[in-house]
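Here the sequence shown stands for residues 2 to 194, where the numbers follow the working numbering. One structure is given here, and the rest of the page talks about it.
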Amino acid sequence: MHLHEFESQFDTVILQRGKTYYQNGHISSLEQTDTGWTAIVEGNNDYVVTLHLAGNGKIITSHCNCPMKANCKHLVAVFYALLDKQSNPITPPQPEDIISVTRHKLEPVVRHAEGAIYLDSTAVKRYFTLADEIMQHANQYAADGDKVNAVLLCKLLLEKLPQLQPCMYKLDKDILAVKNKATMMLDFYATLI
Ligand SMILES: [Zn+2]
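Written out as structure tokens, the structure reads:
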């Protein structure tokens, strides 16, 4: 089945639910892998959708780790997201926007991790995933010659660390790793400006 034909494979109720899920922003991450895409779809629980695609857009395998495993609204949501992406390739945020976009993403994640640190490993994991992502973006900006935004992204990460540190006693090492890496990158980019 080609990505464009996925609608024919799903029940209309599931299609509608998946579409609503996508439109309401339930996909919290959508990342390209070597063989396809991995997405996290948030609902009562977070579910991971994995797609294996051929170069021509043909879907080789699709999987969701929710109890339905397949033919679920999570898959549908991801299919709609990918179709949108194809017809409307995402342009990277304008340089002046990236900081506010990132701040907007980071703040709730930090707040959530801060409040749920002892109990909720998903919240913690989400923080570290996002921190990694932000550092990758910073690297990308630096590689593209935009050192100013690379520096600002690192600063943003470091600015949020104090909120996490007091409650992260079990994660001292990990949080220190983020701190060290972001500080190192910051120092490095700052010398390039
Ligand atoms: Zn599912």
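Ideal Cβ placement from N, Cα and C applies to all residues, glycine included.
How would you call residue i, buried or exposed, if buried means at least 16 neighbouring beta carbons within 10 angstroms?
i, result
"T13", "exposed"
"K126", "exposed"
"V111", "buried"
"G19", "buried"
"T192", "exposed"
"T34", "exposed"
"V77", "buried"
List the endpoints of the continuous beta strand (DSSP E) containing residue i.
i, result
"Q33", "I28 to Q33"
Going by DSSP, what residue range makes up the alpha helix (DSSP H) through residue i?
i, result
"N150", "K148 to L165"
"Q24", "T13 to Q24"
What number of angstroms, rounded off, separates the C-alpha of residue i from the C-alpha of residue j?
i, j, result
"L54", "L84", "13 Å"
"Y81", "G44", "17 Å"
"H75", "M186", "36 Å"
"T62", "T51", "8 Å"
(message) Please give me, in chain order, every unbroken run of the beta strand (DSSP E) with length at least 3 that falls completely inside the segment 40-110.
(response) 47-54 and 60-65
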